[in-house]
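Engineer: Quick note: to get the numbering used here, add 1084 to the position in the sequence shown (first position is 1). We treat Cβ as the ideally placed atom computed from N, Cα and C, and that holds for glycine. The structure under discussion is supplied below as structure tokens; questions concerning it will follow.
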Amino acid sequence: MERYIGIDFGGTNLRIAEVDPETGKIVDEPFSTNISEVYTNKELTDIIRGRIPENANIGISAAGEVDEKNLVVRLSPNSKIEEEVIFGRDLKESGYDVTMTNDMKAAAQAVSKYGNGMHFDNVLVATYSSGYNCAVVRDGKNTTTAEFGHLVYKPDGDLFCGCGGKGHLEAYVSGNGAAAMAKNYFNITHRKDSEILRFAYDDEFGEIKLNDVLYEISRDPELFRNVVNSIKAEHVYKAYNAKPEKEPQKSIKKTQVEAIAVSFGMMASSYNPVDIMVLMGSQTKDWGVLFDPAIEKYNNNTLQLTSLKKPKITITNLPEIGVQGAVAYLLNNK
């Protein structure tokens, strides 16, 4: 019996699991490890080889710029390996049947083959996480290799994207964007009476009462800078859930809801027809705060041609979309 192994390589995290090719279900508990301290290809390949059974078929989903033909990651933004990442080629040379693709293409294949999109012809998958991007599958085949997050959303906007561009859509819908808006607020106002700062402080130094945090920060400017620099999107939305009428979380949430709604219209217009949009990524953990109101705004406003179909919008139901997508892509290429 043939065995199918999915590898999800994110640059800082690695996940490996055996996948049932018919159902997409995970066969055993996935292996997961942080590889932020892996600096060489040999280290990485050795970690992976130790988790791969003999004669397995291997699908790889990788974040970054992927050379599918040569099975290497040319550019992995979060990896500490300062050259092409070659574990896919290493596994191929060891005798394994290997395919490799970009993580968005893999995710779209997974949703189309095993997930919410399996009964639809035109499936769009979008990830709202630290960054933002989307991919489309039509009739079971991937048809895009997009960088949708780098479309200009606000030409005169004051938010810089991770790529160095200004006003890009990604900067307004992503987790990095939420954190950047919060950091900008505190760096300009120097305000210290904020739940965002408390939650960021808690992650860095352990839980402490808000008033005690404010006291510590108020008497130590360097600590204030360090806490501000450590702010993440999760701190912003924890603060929003605690104090929704307080700034800056109130304005950040409003800005992101508007941008997410616009992103739906942009994707539906660019990739018409779209039957279903399946969303994934860390931002979707705050579905009720961000995506429910964004969907309502999209459905009730003219954010695309009125003659275009508005797709169903939902969250992925796949527990291991990276490894499942890697295997789905492998099967589609066999």
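Which one of Thr1124, Asn1141, Ile1110 and Leu1387 has the shortest CA to CA distance from Tyr1088?
Structural biologist: Within the sequence shown, numbered from 1, the residue matching residue 1088 stands at position 4. Out of Thr1124, Asn1141, Ile1110 and Leu1387, Asn1141 has the C-alpha closest to the C-alpha of Tyr1088.
Engineer: Counting only the same chain and skipping the five closest in sequence on each side, list residues whose C-beta sits under 8 Å from that of Gln1333.
Structural biologist: Within the sequence shown, residue 1333 is the residue found at index 249, counting from 1. Here the set comprises Ala1266, Glu1279, Ile1280, Val1320, Tyr1321, Ala1323, Tyr1324 and Lys1327.
Engineer: From Lys1396 to Leu1298, what distance separates their C-alpha atoms?
Structural biologist: The sequence position of residue 1396 within the sequence shown is 312, counting from 1. The sequence position of residue 1298 within the sequence shown is 214, counting from 1. One C-alpha to the other measures close to 45 Å.
Engineer: Which complete alpha helix (DSSP H) runs does the region 1107-1145 hold, if anything under 4 residues is left out?
Structural biologist: Qualifying alpha helix (DSSP H) stretches, in chain order: 1125-1133.
Engineer: Taking contact to mean at least 3 C-beta pairs separated by less than 8 Å, is the region 1117-1128 in contact with the region 1186-1202?
Structural biologist: Short answer: they don't touch.
Engineer: Please classify Arg1282: is it buried, with 16 or more other beta-carbons within 10 angstroms of its beta-carbon, or exposed?
Structural biologist: As a working mapping, residue 1282 is identified with position 198 in the sequence shown. So Arg1282 ends up on the buried side.
Engineer: Roughly how many angstroms separate the alpha carbons of Lys1316 and Tyr1269, rounded to a whole number?
Structural biologist: Taking the sequence shown and counting its residues from 1, one reaches residue 1316 at position 232. Taking the sequence shown and counting its residues from 1, one reaches residue 1269 at position 185. If I take the Cα positions, the gap works out to 13 Å.
Engineer: Which residues mark the beginning and the end of the alpha helix (DSSP H) in which Gly1261 is found?
Structural biologist: Indexing the sequence shown from 1 puts residue 1261 at position 177. Gly1259 to Thr1273 is the span of the alpha helix (DSSP H), which, as asked, contains Gly1261.
Engineer: Under a three-way DSSP split, which group does Phe1308 fall into?
Structural biologist: Here the question's residue 1308 lines up with position 224 in the sequence shown. Phe1308 falls in the helix class under three-state DSSP.
Engineer: Less than 8 Å between the CB atoms is what I'm expecting for Met1364 and Thr1400, so what's the real figure, rounded?
Structural biologist: Taking the first residue of the sequence shown as 1, we reach residue 1364 at position 280. Taking the first residue of the sequence shown as 1, we reach residue 1400 at position 316. Met1364 to Thr1400, Cβ: 5 Å. Contact.
Engineer: Counting Cβ pairs, one atom from each stretch, are 3 or more of them under 8 Å apart for the region 1345-1360 and the region 1378-1387?
Structural biologist: Cβ pair count under 8 Å is three or more, so yes.
Engineer: May I ask you to check if the CB of Ile1132 is nearer than 8 Å to at least one heavy atom of the ligand MN?
Structural biologist: Among the ligands in the structure shown, none appear at all, so the ligand MN cannot be discussed.
Engineer: Using the Cα positions of Phe1171 and Asn1097, report the straight-line distance between them to the nearest angstrom.
Structural biologist: Taking the first residue of the sequence shown as position 1, residue 1171 is located at position 87. Taking the first residue of the sequence shown as position 1, residue 1097 is located at position 13. Distance between the alpha carbons of Phe1171 and Asn1097 is about 15 Å.
Engineer: Does the beta-carbon distance from Asp1359 to Val1207 come in below 9 Å?
Structural biologist: Locating residue 1359 in the sequence shown gives position 275, counting from the first residue. Locating residue 1207 in the sequence shown gives position 123, counting from the first residue. Contact flag set, yes.
Engineer: If you reduce the DSSP assignment to three classes, tell me which class Val1346 lands in.
Structural biologist: The residue labelled residue 1346 in the question sits at position 262 within the sequence shown. Val1346 falls in the helix class under three-state DSSP.
Engineer: Alpha helix (DSSP H) containing Ser1175: first to last residue?
Structural biologist: As a first step, residue 1175 is located in the sequence shown; it is residue number 91 there, counting from the start. One point to set straight first is that residue 1175 is Leu, not Ser, in the sequence displayed. Taken as a continuous stretch (DSSP letters only), the alpha helix (DSSP H) holding Leu1175 covers Phe1171 to Glu1177.
Engineer: Go through the region 1330-1391 residue by residue and report every complete run of the alpha helix (DSSP H) that reaches 4 residues or more, in order.
Structural biologist: 1333-1354 and 1376-1384, all fully within the region 1330-1391.
Engineer: Can you list, in chain order, the residues of its chain whose CB lies under 6 Å from that of Val1156, leaving out five sequence neighbours each side?
Structural biologist: For the purposes of this step, residue 1156 is taken as the residue at position 72 of the sequence shown. For Val1156, where only same-chain residues beyond five positions count, the Cβ hits under 6 Å are Glu1168, Ile1170 and Arg1173.
Engineer: Could you tell me the distance, in whole angstroms, from the CA atom of Glu1231 to the CA atom of Gly1179?
Structural biologist: The sequence position of residue 1231 within the sequence shown is 147, counting from 1. The sequence position of residue 1179 within the sequence shown is 95, counting from 1. Straight-line Cα distance between these residues: approximately 33 Å.
Engineer: Determine the closest residue to Arg1133 out of Gly1199, Arg1099, Gly1108 and Leu1235, with distance taken between C-alpha atoms.
Structural biologist: Position 49 of the sequence shown, counting from 1, holds the residue named residue 1133. Residue Arg1099 is the option with its Cα nearest to Arg1133.
Engineer: Would you check if the distance between the CB atom of Ile1301 and the CB atom of Tyr1285 is smaller than 9 Å?
Structural biologist: Residue mapping note: residue 1301 aligns to position 217 of the sequence shown, counting from 1. Residue mapping note: residue 1285 aligns to position 201 of the sequence shown, counting from 1. It is a contact, given that the beta carbons lie within the stated cut-off.
Engineer: Can you list, in chain order, the residues of its chain with a C-beta nearer than 7 Å to that of Val1236? Leave out the 5 residues immediately preceding and following it.
Structural biologist: Translated into positions along the sequence shown, residue 1236 becomes position 152. The answer, listed in chain order, is Gly1251 and His1252.
Engineer: Locate the alpha helix (DSSP H) running through Asn1206, then write down its first and last residues.
Structural biologist: Your numbering for residue 1206 matches position 122 in the sequence shown. Careful: Asn1206 lies outside any alpha helix (DSSP H), inside the beta strand (DSSP E) at Asn1206 to Tyr1212.
Engineer: If you drop the 5 nearest sequence neighbours on each side, which residues of the same chain put their C-beta closer than 7 Å to that of Ser1196?
Structural biologist: As a first step, residue 1196 is located in the sequence shown; it is residue number 112 there, counting from the start. Correct list, in chain order: Met1202, Val1207, Val1221 and Gly1224.
Engineer: Look at Val1362 and Ala1147 and say whether their C-beta atoms are less than 9 Å apart.
Structural biologist: As a first step, residue 1362 must be located in the sequence shown, where it is residue number 278. As a first step, residue 1147 must be located in the sequence shown, where it is residue number 63. No, the pair does not count as a contact, with Cβ atoms beyond the cut-off.
Engineer: Check whether the Cβ atoms of Ser1347 and Val1257 sit closer than 9 Å, and answer yes or no.
Structural biologist: Here the question's residue 1347 lines up with position 263 in the sequence shown. Here the question's residue 1257 lines up with position 173 in the sequence shown. In this structure, Val1257 lies closer than 9 Å to Ser1347 by Cβ.
Engineer: For Gln1193, which residues from the same chain have a beta carbon less than 7 Å from its beta carbon, with the 5 sequence-adjacent residues on both sides left out?
Structural biologist: Here the question's residue 1193 lines up with position 109 in the sequence shown. Hits under 7 Å: Val1221, Asn1226, Gly1409, Ala1412, Tyr1413 and Asn1416.
Engineer: With Asp1344 and Phe1375 assumed to form a contact (beta carbons below 8 Å), what rounded beta-carbon distance in angstroms separates them?
Structural biologist: Walking along the sequence shown from the start, residue 1344 turns up at place 260. Walking along the sequence shown from the start, residue 1375 turns up at place 291. Before going further, note that residue 1344 is Ile rather than Asp in the sequence given. Indeed they touch by this definition, with Cβ atoms about 7 Å apart.
Engineer: Output the distance between the C-alpha atoms of Tyr1216 and Ala1255, rounded to the nearest integer angstrom.
Structural biologist: As a working note, residue 1216 is residue 132 in the sequence shown. As a working note, residue 1255 is residue 171 in the sequence shown. Rounded to the nearest angstrom, the two C-alpha atoms are 9 Å apart.
Engineer: List the DSSP bridge partners of Leu1098.
Structural biologist: Numbered from its first residue, the sequence shown carries residue 1098 at position 14. Phe1093 and Thr1117, per the DSSP bridge assignment.
Engineer: Give me, in chain order, the residues of the same chain whose beta-carbon lies closer than 8 Å to that of Asn1313; leave out the 5 immediate sequence neighbours on both sides.
Structural biologist: For the purposes of this step, residue 1313 is identified with residue 229 of the sequence shown, where counting begins at 1. Correct list, in chain order: Lys1267.
Engineer: Assuming Tyr1123 contacts Ile1165 (C-beta within less than 8 Å), just tell me the rounded distance between them.
Structural biologist: Taking the first residue of the sequence shown as 1, we reach residue 1123 at position 39. Taking the first residue of the sequence shown as 1, we reach residue 1165 at position 81. The Cβ separation is near 6 Å, so the contact holds.
Engineer: Rounded to whole angstroms, what is the Cα-Cα separation between Lys1112 and Ala1101?
Structural biologist: Numbered from its first residue, the sequence shown carries residue 1112 at position 28. Numbered from its first residue, the sequence shown carries residue 1101 at position 17. Rather than Lys, the amino acid found at residue 1112 in this sequence is Asp. C-alpha separation (whole angstroms): 7 Å.
Engineer: Using C-beta distances below 7 Å, list every residue in its chain close to Thr1368, excluding the 5 sequence neighbours before and after it, in chain order.
Structural biologist: Start at 1 with the first residue of the sequence shown, and residue 1368 comes out as number 284. Cβ neighbours of Thr1368 beyond the five flanking positions: Tyr1212, Phe1375 and Ile1399.
Engineer: Does His1234 come out as helix, strand or coil in the three-state DSSP assignment?
Structural biologist: Position 150 of the sequence shown, counted from the first residue, corresponds to residue 1234. The answer is helix: DSSP assigns His1234 an H, G or I state.
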